[in-house]
Amino acid sequence: LSDLSHSMSSEIILTHGLINALQFEAAQLQKTGIYKISFSATGNPVFMDYNTELMLFRIVQEALHNIIKHAGAGTVNVLANYSEQQLELQVVDDGKGFDLSPLNQPVNNGFGLGIRNMHNRAKLIGADFSMTSNMGEGTIVKIILPFTTNQAATNENG
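According to our numbering, the sequence shown is numbered sequentially starting from 344.
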């Protein structure tokens, strides 16, 4: 099932863009009946190259995967906010939260591998990645991708 959703989402990004792929992913999660999911996009979407959109999507997908595996959340909000300068993506859950401090330890027995992957993917496309979590208060994953002048130009013409 996860392989299917992987290839389908890649296809959706290619044909319909990031926002539609994120909506599709949120709808898939909603269908499980376990979570109350909301997805919102604000501002004027900027279409970026396929690899950038795919990386952003994979980060959000990893965040959702972590929520399913670890969070014990009831509500998940996925937010995409486009401004003239940047795209800010957030994945917010009301789960049990967790202690991020082991991420700073040199040896952590695989703790946070998914988080590191998200961080590395963000770096590859020039985005800032941050995560905040407090025990009992859920987790917020935030990706901020500043637009290059090239990307901003596609907004006006496309």
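Just so it is clear, CB atoms sit at the ideal spot from N, CA and C, and this is done for glycine as well.
Since the structure is predicted, the reported quantities are computational estimates derived from the model, not experimental observations.
*Hey, PHE400 and ILE468: beta-carbon distance below 7 angstroms or not?*
By the CB criterion at 7 angstroms, PHE400 and ILE468 fall outside the cutoff.
_Beta-bridge partners of GLU431, as assigned by DSSP_ = DSSP lists ASN424, ILE487 as partners of GLU431.
_Of the listed residues ILE487, HIS359, GLN448, GLY386, nearest to TYR393 (C-alpha basis)_ = Checked all of ILE487, HIS359, GLN448, GLY386; the closest Cα to TYR393 is HIS359.
*Pull up the DSSP beta-bridge partners for LYS379, would you.*
DSSP lists THR418 as partners of LYS379.
*Identify, in the order they occur along the chain, each residue of the same chain with its Cβ nearer than 8 angstroms to the Cβ of SER352, setting aside the five sequence neighbours on each side.*
Counting only Cβ-Cβ distances below 8 angstroms, and skipping sequence neighbours, we find ALA364, PHE367, GLU368, PHE400, GLN404.
*Spatial neighbours of ILE487 in its chain, beta-carbon cut-off 7 angstroms, leaving aside the 5 residues before and after*: Excluding sequence neighbours, ILE487 sits near GLN429, GLU431, ALA470, ASP471.
*Report yes if the C-beta distance between GLU480 and GLY455 is below 7 angstroms; otherwise report no.*
Taking 7 angstroms as the Cβ cut-off, GLU480 and GLY455 do not qualify as a contacting pair.
*From the DSSP output, in three-state form, read off ALA384 for me.*
Annotated three-state conformation of ALA384 is strand, per DSSP.
_Beta carbon of THR475 nearer than 7 angstroms to that of ILE483_ = Their beta carbons are under 7 angstroms apart, which means THR475 touches ILE483 by this criterion.
_Strictly by DSSP, which residues pair up with PHE367?_
Beta-bridge pairing links PHE367 to no other residue.
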